[in-house]
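Remarks on the structure that follows.
Numbering (my numbering), first residue to last: 1131 to 1390.
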């Protein structure tokens, strides 16, 4: 069975994997045998990430391009194909969030979130798909969110983008299934990262809120996402497509605690 989870000989492109969740996903794919390609907008972050990957024993190749720039994406995918090889696995991880009340959010801010979080995965996916078709198959994994399903104050643009990404996942899965391309999503719950550290301090009301709202009774760890990404990137998931795997400790299944 372990052979089904092997990514030996595969090339995986993880967008925005210079730190945090993206880097953790890339390292998990590398541990399973994949060669890693990633991108960022800034060369300095690329260089720092390559150093981190090298220290972890990971072979990684970094490229500077913007996922919302279709021309730049196409040129970069062509360059990657020439220098590294055809992409087998794409993880659309790059994204932003702007926490602004809807009545205060400008249309420009709203468009920027949609552009990066929804248009970006579309542009990336359509750019790598011809190579996957040529190879006889591939895996596309979109990093969705619980906001693909739920609403919350101040994240209207993010929720709209992630809800759209869920439906883009399903539609591309249907369109490309005949080419043996599986398109799925991962929806992380609240994950313990450097960015969320201030919110996780004892006594912080948001920390208490998340732990109380999560049946598992804890924040997720980055490692909790690594098994799911390897599964969806491997042959083990060859008959899984159009699915969003929520890694949330049970939040989406939970109505909340009954008052005592």
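For glycine and all other residues, C-beta sits at the position ideal for the given N, C-alpha and C.
1. Going straight from the alpha carbon of residue 1288 to that of residue 1253, what length do you get?
2. Could you spell out the range, first to last residue, of the beta strand (DSSP E) harbouring residue 1263?
3. In the DSSP assignment, find the alpha helix (DSSP H) that holds residue 1300 and state where it starts and stops.
4. Work out the CA separation of residue 1346 and residue 1292 for me, nearest whole Å.
5. Counting pairs of beta carbons, one from the segment 1308 to 1323 and one from the segment 1364 to 1375, are three or more of them closer than 8 Å?
6. Out of 1356, 1355, 1339, state which residue places its alpha-carbon closest to the alpha-carbon of residue 1348.
7. Given that a residue counts as buried once 16 or more other Cβ atoms are within 10 Å of its Cβ, and exposed if not, what is residue 1177?
8. Measuring CA to CA, which of 1284, 1158, 1198, 1147 is closest to residue 1255?
9. Inspect the beta-carbon positions of residue 1165 and residue 1180 and report whether they are closer than 9 Å.
10. Determine the direct distance from the alpha carbon of residue 1324 to that of residue 1377, and round the result to whole angstroms.
11. Within 10 angstroms of the Cβ of residue 1209, are there 16 or more other Cβ atoms? Answer buried if so, exposed if not.
12. Let's see if you can read the secondary structure: which residues bound the alpha helix (DSSP H) around residue 1183?
13. Quick one, which of 1206, 1366, 1384 has its alpha-carbon nearest residue 1134's?
14. Assuming residue 1247 contacts residue 1226 under a Cβ cut-off of 8 Å, what Cβ separation, rounded to an integer in Å, is found between them?
15. Using the Cα positions of residue 1196 and residue 1249, report the straight-line distance between them to the nearest angstrom.
16. Whose CA, out of 1259, 1270, 1300, 1242, lies closest to the CA of residue 1278?
17. If you drop the 5 nearest sequence neighbours on each side, which residues of the same chain put their C-beta closer than 6 Å to that of residue 1218?
Put simply:
1. Residue 1288 sits at position 158 when you count from the first residue of the chain shown. Residue 1253 sits at position 123 when you count from the first residue of the chain shown. Rounded to whole angstroms, residue 1288 to residue 1253 spans 18 Å at the Cα level.
2. As a working mapping, residue 1263 is identified with position 133 in the chain shown. Residue 1263 -> not in any beta strand (DSSP E); alpha helix (DSSP H) instead, spanning 1250 to 1265.
3. As a first step, residue 1300 must be located in the chain shown, where it is residue number 170. Where residue 1300 is concerned, the enclosing alpha helix (DSSP H) stretches over 1286 to 1306.
4. Residue 1292 sits at position 162 when you count from the first residue of the chain shown. Residue 1346 sits at position 216 when you count from the first residue of the chain shown. Residue 1292 and residue 1346: Cα-Cα distance of roughly 24 Å.
5. yes
6. Translated into the one-based positions of the chain shown, residue 1348 becomes position 218. Comparing Cα positions, the closest option is 1339.
7. Position 47 of the chain shown, counted from the first residue, corresponds to residue 1177. So residue 1177 ends up on the exposed side.
8. The sequence position of residue 1255 within the chain shown is 125, counting from 1. Per the Cα distances, 1198.
9. Translated into the one-based positions of the chain shown, residue 1165 becomes position 35. Translated into the one-based positions of the chain shown, residue 1180 becomes position 50. No, the Cβ-Cβ distance between residue 1165 and residue 1180 is not below 9 Å.
10. In the chain shown, residue 1377 corresponds to position 247, counting from 1. In the chain shown, residue 1324 corresponds to position 194, counting from 1. Going from the Cα of residue 1377 to the Cα of residue 1324 covers about 19 Å.
11. Looking up residue 1209 in the chain shown gives position 79. By the 10 Å Cβ count, residue 1209 comes out exposed.
12. Within the chain shown, numbered from 1, the residue matching residue 1183 stands at position 53. Here the alpha helix (DSSP H) through residue 1183 covers 1173 to 1185.
13. As a position in the chain shown, residue 1134 is number 4, starting the count at 1. Minimum Cα distance to residue 1134 is reached at 1366.
14. To locate residue 1247, count along the chain shown from 1; it is residue 117. To locate residue 1226, count along the chain shown from 1; it is residue 96. Yes, residue 1247 and residue 1226 are in contact; Cβ-Cβ is about 7 Å, under 8 Å.
15. For the purposes of this step, residue 1196 is taken as residue 66 along the chain shown, with counting starting at 1. For the purposes of this step, residue 1249 is taken as residue 119 along the chain shown, with counting starting at 1. If you take the alpha carbons of residue 1196 and residue 1249, they lie about 11 Å apart.
16. Within the chain shown, numbered from 1, the residue matching residue 1278 stands at position 148. Taking only the C-alpha atoms, the option nearest residue 1278 is 1300.
17. Taking the chain shown and counting its residues from 1, one reaches residue 1218 at position 88. Closer than 6 Å at Cβ, skipping near neighbours: 1140, 1141, 1268.
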